[in-house]
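So the protein sequences, as listed, match chains A and B. First residue of the first sequence? That's 1282 in this note's numbering, and the numbers climb one at a time after it. First residue of the second sequence? That's 31 in this note's numbering, and the numbers climb one at a time after it.
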Amino acid sequence: MTVLDRRTLLKGAALAGTGLALTPWLPAWAQTGSAGIVKPLPTMLGPDVALRIAHQMITIDGRSSHAIGINGTIPGPLIRLRQGQVARLVVTNDLDEDSSIHWHGLLVPFQMDGVPGISFPGIKPRSTFTYEFPLIQSGTYWYHSHSGLQEQMGHYGPIVIDPAGEDPIASDREHVIVLSDYSPLHPHAIFRKLKQMGGYFNYQKQTLAGMLGGRDQPAKERMAWGGMRMDPTDISDVTGSTYRYLVNGHGPSDNWTALFRVGETVRLRFINASAMTIFNVRIPGLTMTVVQADGLPVRPVTVDEFQITVAETFDVIVTPSEDRAFTLVAESVDRSGMARATLAPREGMAAEVPALHARPLATMKDMGMGAMGAGAMDHGAMGHDMAAMGESAPAAEIPVFDPSHPEDPAQAGDAMAGMNHGAGGMGMRDFANAPGVKKSPTVQTISPMPVDRTGERGQGLEGVEGTVLTYRDLMAVHRNPDVRAPGRSLEIHLTGNMERYMWAFDGVKFNEITAPISFVQDERVRVTLVNDTMMAHPIHLHGHYFELVTGHGDYAPRKHTVNVLPGGKVTFDVTMDAPGDWAFHCHLLYHMHAGMMQVVSVRAAAGDGA
Amino acid sequence: MRAALLAGAAWLLPAAAYGQAMEHDHASPPSVEAPAAPEDNPHAAHGGEPSGTALPAGTAPPPAVAKNWAADAYHDPAEMGRVRASLWKEHGGASFSQILFNLAEYQVRKGGDGFRWDGKGWFGTDIDRLVIKSEGEGRFGDGVESAEVQAVYSRAIDPYFNLQAGIRHHVSPNPSRTYATLGVEGLAPYWFEVEAAVFLSAKGDVLARIEGYYDQRITQRLILQPRVEFNLAAQDVRENGIGSGLSDAELGLRLRYEIRREFAPYVGISYDRSFGDTARLARRSGEETAATRLVAGVRAWF
């Protein structure tokens, strides 16, 4: 029987040398889709690794489509390195277009960072580039293309760097879990559709049926949101309507399976390699102890669920003590689909797959009205005022100027009366609240009262049962390497316009910037990211770790990517210790492509500073 | 700082203790040995003094802007320049296009069925676009009764609205006319798609048009679109059968099903009526001044 043969073979590979007897226990009711794929990603052991980028097919849940892979797989092979080695990664580009590999989260010399146009010229078709750098850190990382939209097509893979000595995080077994999103549509087609219609992929919009069925906002609130041209269902730009959500390249029906033996401590290295998808991750029946964030150790936090934004990594420890299967669920934040895998003591097992949660609706807080306090701001009161505001600007007047336009006091005056609840004003596009932001059509809204939301659960997790990780729960195991006070502070606004699908920092798209954000080498700066949009943005700084200012003093969690919740803000301190030019961008691929990107320049203090 | 990290020792010493804790007790979260700060007062990690992120930031001025590109020291600056230019353009500067027929329909009319279209196409960047618009109607057998084409330059003037200027050519009825046009188009509060324009002919005639529609989603794919269009004139244009004031209006209600976003067949009803002098002119030439039509068509874009 071929199934048995394959199973035997795979079991042999996965539990090599354990001598565990094969028990083909597979009741029919446990089968969902395939019997499960117990196939760990191929591993390339460093320090010398050869990688080949090429077109290939990918088969997800039985359907094949075109993709870009590395060494023939999607995700690419697990690159396993050891701290203290000098890695030599020889990358050959077999595509007909330029390509590149960026080592996400690795502290490398800038010219090895792999961003075409910033760190190097890219890798031309049919040519090879050799990356060489010392490995000064350990942990879970990943790599991906920084050329065009190749990452969406499968051009990514995991990296694990083992510590030079004994691993402080002990486990009996580990599995790398690469979460990603895949669409049979070409990424250029996805981007074009978003430009043509921002809500193209959203099939969870508010409807008449939804309102009558009680799934949507009540009429009054909906009117108020309509008056502001804000869609509370706009959680993800690209959704399960076109995406399949993958675990290690396998779809939910493929049921990728990670094996364990009862009682083992199992380390799961989660990497969100998605182009556009923030995931909510849980394993019903198991608690997870988070021990590492973005590759660096954190004090263990035990949770039932955590949100992993695009490009983050989290290592968790689970200790399954029952002889049964567990379903690993990673729901997309807009609840339009899920990635699913199984943790099981044997191949061919499956546990119940829970139904998707109800889709979340954005709140006033997501519009940056957080500081008003829940009581005063809750939908009733605010909704009423907003509706009143809208009535003074009937559509038939064809307002050339948005009634909430602050530049035009004559129009804004009366219309805004209902919004002015005291200090600051509550205009949804009041540039007085963001003096550094360029007044342009790129900026649809400006958060009037953004608040630090690092102590809050991510979107869609507000009401779920159990313990959910927040950024405030994270605390570094080791004292931060630089505990100086920041010499200065810097505020950067995350801005966008969903209607035109424009995204930018401070209202200036990357193609419009005239100067990089400049730093003097080794200066320590406090950076506050203010989210003026109604979507979360995973912001990534290349070449540096930053310390989140979340109340943990010199044990602040250090990250390379931080999710800034809608209408919220995040503050971090960073020591700009790596000279060179670095990319700084939103890691939602199409946001970056639309212009939400900048160059960060770090130059030695001495001399001309240039 | 990097050196500190590289030193590595900081990583390994507490690490070992941590690892042991982990092995001893799987069920509860392992405790962390040195250099643990007191959990209840993490701000005061060492000697009770605030440290690290607990410290306030200074007010130093930002440094001068870097004047060169670091990679030029490692790679051919000309090649870097080319790649940099394409990187910049690619991230925010690309051009796109769309052709949309909001109406493309068959009309059931008294005395001979007809057809109608209303569409536009745009090409350009986020801010600057060339827009071609066309609308018209006709009767099977008689051909096109009325048709126009506009070519306008469109510029985004706020997050939702575009200012548009260009020309409008009215092909029929004869005689054809060409107008200069100035208008705005965009998304009004409450999700109304609206468009308003004035037209100035070479002879000095001034016309205006206001139109708008709203997509009421009944389900995710079933959408009811009420639509209105008003045409106005500042003076009589007798040869075109247009009287001053409100000349005509269309009220439409169309129910479409989005098989795909880009392809949605619909059925609906359209009520057309002419007013004032326009109606008088129509009556004089034996045309009807009000009509209710059943329509069926496809809303499509690509």
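Note that beta-carbon positions come from the ideal geometry of N, C-alpha and C, so glycine has one too.
Spatial distance of residue i from residue j (CA atoms)
i: ARG1738 (chain A); j: MET1815 (chain A); result: 16 Å
i: LEU1869 (chain A); j: HIS1818 (chain A); result: 7 Å
i: VAL214 (chain B); j: PHE191 (chain B); result: 7 Å
i: HIS1686 (chain A); j: PRO219 (chain B); result: Caution applies to HIS1686 (chain A), whose pLDDT of 38 falls short of 50 and renders its modelled position unreliable; the value that the coordinates give is listed next. In a straight line, the C-alpha of HIS1686 (chain A) is about 12 Å away from that of PRO219 (chain B).
i: PRO1390 (chain A); j: PRO92 (chain B); result: 24 Å
i: GLU244 (chain B); j: GLY1532 (chain A); result: The sequence as given places Tyr at residue 244 (chain B); Glu does not occur at that position. Distance between the alpha carbons of TYR244 (chain B) and GLY1532 (chain A) is about 38 Å.
i: GLN1498 (chain A); j: SER1613 (chain A); result: 21 Å
i: ASP307 (chain B); j: ALA1470 (chain A); result: 50 Å
i: THR1373 (chain A); j: ARG185 (chain B); result: 44 Å
i: VAL1579 (chain A); j: VAL1830 (chain A); result: 15 Å
i: SER277 (chain B); j: ILE253 (chain B); result: 30 Å
i: ASP302 (chain B); j: PHE145 (chain B); result: 14 Å
i: PHE1853 (chain A); j: GLY82 (chain B); result: 11 Å
i: HIS1866 (chain A); j: ASP172 (chain B); result: 59 Å
i: SER1721 (chain A); j: ASN1714 (chain A); result: 15 Å
i: GLY1699 (chain A); j: GLY1495 (chain A); result: The predicted position of GLY1699 (chain A) is uncertain, since its pLDDT is 37 and thus under 50; a value taken from the coordinates is nonetheless stated next. Between GLY1699 (chain A) and GLY1495 (chain A), the C-alpha separation is close to 27 Å.
i: VAL224 (chain B); j: ARG139 (chain B); result: 27 Å
i: PRO1449 (chain A); j: VAL1758 (chain A); result: 10 Å
According to DSSP, residues forming a beta bridge with residue i
i: VAL1811 (chain A); result: A:HIS1774 and A:LYS1850
i: THR1583 (chain A); result: A:THR1570
i: GLN137 (chain B); result: B:GLY144 and B:VAL325
i: GLN1879 (chain A); result: A:PHE1865
i: ARG1525 (chain A); result: A:TYR1463
i: SER1613 (chain A); result: A:PHE1560
i: MET1338 (chain A); result: A:HIS1347
Beta-carbon contacts of residue i that lie in its chain and below 6 Å, excluding the five residues immediately before and after
i: GLY271 (chain B); result: LEU311
i: VAL325 (chain B); result: GLU135, GLN137, GLY298 and SER300
i: ARG21 (chain B); result: One cannot answer for residue 21 (chain B) here, as it falls past the ends of chain B, which runs 31 to 332.
i: VAL328 (chain B); result: ALA134 and PRO295
Amino acids of chain B, ordered along the chain, whose beta-carbon sits closer than 8 Å to that of residue i
i: GLU1502 (chain A); result: Near GLU1502 (chain A) there are no residues of chain B at all, since even the closest Cβ is about 13 Å away, more than 8 Å.
i: GLN1921 (chain A); result: Outside the shown range of chain A, which is 1282 to 1891, sits residue 1921 (chain A), and nothing can be said about it.
i: ARG1769 (chain A); result: ALA87, GLY88, THR89, ALA90, PRO91 and PRO92
i: SER1799 (chain A); result: PRO92, PRO93, ALA94, VAL95 and ALA96
i: ALA1556 (chain A); result: Per Cβ cutoff of 8 Å: no residues; ALA1556 (chain A) is ~15 Å from chain B at best.
Minimum Cβ-Cβ distance from residue i to chain A less than 9 Å
i: SER116 (chain B); result: yes
i: ASP188 (chain B); result: yes
i: PRO92 (chain B); result: yes
i: ASP156 (chain B); result: yes
i: LEU212 (chain B); result: no
i: SER81 (chain B); result: yes
i: ALA264 (chain B); result: no
i: PRO256 (chain B); result: no
i: ALA101 (chain B); result: yes
i: TYR220 (chain B); result: yes
Beta-carbon neighbours of residue i, restricted to chain B and to distances below 7 Å
i: ALA1766 (chain A); result: LEU85, PRO86, ALA87 and GLY88
i: PRO1402 (chain A); result: HIS105, GLU109, MET110 and VAL113
i: ALA1875 (chain A); result: GLY122
i: MET1878 (chain A); result: HIS121
Cβ shell of residue i (< 8 Å), same chain only, five flanking positions each side left out
i: SER1426 (chain A); result: ILE1334, ILE1349, SER1380, SER1381, ILE1382, HIS1383, GLU1432, HIS1436 and TYR1437
i: PRO1581 (chain A); result: THR1570, VAL1571, VAL1572 and ILE1598
i: ARG1640 (chain A); result: GLN1485, THR1514, ILE1516, ASP1615, ARG1616, SER1617 and GLY1741
Contacts around residue i, its chain only, beta-carbon distance under 7 Å, and the 5 residues preceding and following it disregarded
i: GLU1633 (chain A); result: THR1608
i: PRO1675 (chain A); result: Bear in mind that a pLDDT of 35 at PRO1675 (chain A), under 50, signals an unreliable position, so the number given afterwards is only what the model happens to contain. Nothing meets the Cβ criterion.
i: PRO1690 (chain A); result: Low confidence applies here, because PRO1690 (chain A) scores a pLDDT of 36, under 50, leaving its location unreliable and the question unanswered by this model.
Minimum Cβ-Cβ distance from residue i to chain B less than 9 Å
i: ARG1716 (chain A); result: Note that residue 1716 (chain A) is Pro in the sequence shown, not Arg. No, PRO1716 (chain A) lies away from the interface with chain B (no Cβ there is under 9 Å from its Cβ).
i: TYR1526 (chain A); result: no
i: ARG1884 (chain A); result: yes
i: MET1816 (chain A); result: no
i: LEU1387 (chain A); result: no
i: HIS1336 (chain A); result: no
i: ASP1862 (chain A); result: yes
i: ALA1676 (chain A); result: Low per-residue confidence applies at ALA1676 (chain A): pLDDT is 33, beneath 50, and the placement is therefore not dependable, though the value from the model is reported in the following sentence. So, interface residue.
Heavy atom of the ligand MG within 8 Å of residue i beta-carbon
i: LEU1416 (chain A); result: By its list of ligands, the structure shown contains no ligand whatsoever, and the ligand MG lies outside what it can speak to.
Under 8 Å by beta carbon: chain A residues contacting residue i
i: LYS150 (chain B); result: Those do not exist, as LYS150 (chain B) stays about 12 Å from chain A at its closest Cβ, beyond 8 Å.
i: ILE248 (chain B); result: THR1488, LEU1489 and ALA1490
Neighbouring residues, chain A, relative to residue i (Cβ below 9 Å)
i: ARG146 (chain B); result: By Cβ distance, chain A contributes nothing, its closest Cβ being about 23 Å from ARG146 (chain B), past 9 Å.
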